[in-house]
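Protein chains in written order, with our numbering: chain U, 1 to 150; chain P, 1001 to 1143. Reviewing the structure listed below.
Okay, here's the thing in structure tokens:
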């Protein structure tokens, strides 16, 4: 089945479908966010940031966005994947794995040897996916606090 | 985190059986493979059978086989058949308010640790653990 899937750079015409796909995970439409992602990772023509989509039978069925980030939190340059989604009707076909493999290739060409991501602890589906791809708890710990009552 | 022996033996058994769901193994086969007590493992296998993850096949050539869903069952699913994975703070009731606050803080820290432990174990499926084990074996053979 995955031989029918193509991974390619996102184009402007994909945005509406991507916004719909994103709605499956986050119940809030955010066109401005996706337009910004497109501007930063496609229109800007960077060689260290990638916005890819998976296509099957001329239909966009998944997306992944990643980039090289350097020296944030004192970390040497590494690749970050910060958005990933697959249409529920094409899950468990290996689409996510294909997109992640392509992203890893591109990030490696951009000069990094480590891949990072961050996932909500309750998001078992995505966490299990990244685990299945060999990602483990990394050396950086995310910390947070509420500042609502300051 | 100190995992109970029963949980560890259950993980051995489930991973061994799930690595080839067509294969039937006796408690002795598995116990010998991991160097553990057959008697203790037999008790663990009874719990696994009751949970529906493992089936006992009776008769000559019988044994146990995995009948769960390998890419849906997590390590936590197996462990929680035997323990709750919650740290116990063995603190007697505090006498003053300050003591109470310290105990509450320590309880909150152990809860944080427990939640992280569970988040890790609940997102590693048997399939992922088996794939990683196979990769380890392959890398060790290449070294």
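Even for Gly, the Cβ is constructed at its ideal location relative to N, Cα and C. Computed from a prediction, not measured in an experiment: that's the story for all the values here.
Asked, Found
"Close beta carbons around residue 112(U), own chain, < 6 Å, minus the five adjacent residues each side", "68, 77, 78, 79"
"Reduced DSSP secondary structure (H/G/I, E/B, other) of residue 1072(P)", "coil"
"Near-chain U residues of the stretch 1062 to 1077 of chain P (beta-carbon distance less than 7 Å), N- to C-terminal order", "none"
"First through last residue of the alpha helix (DSSP H) which encompasses residue 1003(P)", "Neither: residue 1003(P) is in no alpha helix (DSSP H) and is coded neither H nor E."
"Beta-carbon proximity of residue 1051(P) to residue 1081(P), cut-off 8 Å", "yes"
"Cβ-based burial, residue 86(U) [other Cβ within 10 Å; buried from 16]", "buried"
"7 Å Cβ cut-off: residues of chain P touching residue 127(U)", "1123"
"Distance between residue 1095(P) and residue 1101(P) (C-alpha atoms, nearest Å)", "11 Å"
"Cut-off 7 Å between Cβ atoms - residues of its own chain near residue 1017(P), not counting five sequence neighbours on either side", "1025, 1054, 1064, 1065, 1066"
"Contact set between the stretch 1009 to 1028 of chain P and chain U, restricted to residues whose Cβ is under 9 Å from the partner", "none"
"Below-8 Å beta-carbon distance, residue 1137(P) vs any chain U residue", "no"
"8 Å Cβ shell around residue 38(U) - same chain, five flanking residues per side excluded", "10, 12, 15, 51"
"C-beta neighbour in chain P for residue 132(U), strict 8 Å", "yes"
"Backbone CA spacing between residue 164(U) and residue 1113(P) [nearest angstrom]", "Any question about residue 164(U) goes unanswered here, given that chain U covers just 1 to 150."
"Chain-ordered neighbours of residue 121(U) on chain P, where CB pairs are closer than 7 Å", "1119"
"Between the CA atoms of residue 1002(P) and residue 1033(P) - distance to the nearest angstrom", "22 Å"
"Distance, residue 4(U) Cα to residue 1083(P) Cα", "45 Å"
"The stretch 29 to 38 of chain U / the stretch 92 to 112 of chain U touching (three or more Cβ pairs under 8 Å)", "no"
"In DSSP terms, what residue 78(U) is bridged to", "69(U)"
"CB of residue 19(U) within 8 Å of CB of residue 29(U), strictly", "yes"
"Option nearest residue 132(U) by Cα separation, candidates 1138(P), 1124(P), 1093(P)", "1124(P)"
"Assigned secondary structure, residue 1115(P) (DSSP; H/G/I helix, E/B strand, else coil)", "helix"
"Where residue 1128(P) meets chain U, residues with beta-carbon distance less than 8 Å", "128, 131, 132"
"Chain-ordered chain P contacts of residue 145(U) [CB-CB under 7 Å]", "Those do not exist, as residue 145(U) stays about 13 Å from chain P at its closest Cβ, beyond 7 Å."
"Residue 1136(P): first and last residue of the uninterrupted alpha helix (DSSP H) it sits in", "1126 to 1142"
"C-beta neighbour in chain P for residue 124(U), strict 8 Å", "yes"
"Chain P within 8 Å of residue 90(U), Cβ atoms only", "no"
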